[in-house]
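The numbering of the sequence shown is our numbering, which starts it at 1 and goes up by one.
Heads up, the beta-carbon is just placed ideally off N, CA and C, and yes, glycines get one too.
What you are looking at is a predicted structure, and each value in this text was computed from that prediction instead of being measured.
Each remark here refers to the structure printed beneath this line.
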Amino acid sequence: GVEAVLLDVGENHVELMAPLGPDTPVGKFLAKRGPGLHHVAYQVSNIEAELGRLRDAGVQLIDEVPRAGLLDSRVAFLQLDSTGGVLTEIVQPAEGVH
1 GVEAVLLDVG
11 ENHVELMAPL
21 GPDTPVGKFL
31 AKRGPGLHHV
41 AYQVSNIEAE
51 LGRLRDAGVQ
61 LIDEVPRAGL
71 LDSRVAFLQL
81 DSTGGVLTEI
91 VQPAEGVH
């Protein structure tokens, strides 16, 4: 669990997160790595198709199927070994949200 706020920066967004406790995924991340960049995210229009394309390209997935994200989006994360050590999120926004 996290507390999050989404800031619009031009056509992009910056999400600020704070863990709800030390045993949450973000809390553990901060304890291990300290404050700073947690992950980058890329918007897609069809998350299932994109996950299939990434899987076919040999990218290791943390999430084999999309899960619920911020503002009713659908999200999936990629393994650090496949992304040069940067936690990467694929996001399909909810209908009508950009």
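Between the alpha carbons of G52 and V59, how many angstroms are there, rounded? Approximately 10 angstroms, taken between the alpha carbons.
From V97 to A18, what distance separates their C-alpha atoms? 23 angstroms
Go ahead and label V26 buried or exposed: buried means 16 or more other beta carbons lie within 10 angstroms of its beta carbon, across all protein chains shown. buried
Quick check on A4: does DSSP put it in helix, strand or coil? Reduced to three states, the DSSP call for A4 is strand.
Classify V5 as buried or exposed, calling it buried when 16 or more other Cβ atoms lie within 10 Å of its own Cβ. exposed
Less than 9 angstroms separating the beta-carbons of V86 and V75? No, the Cβ-Cβ distance between V86 and V75 is not below 9 angstroms.
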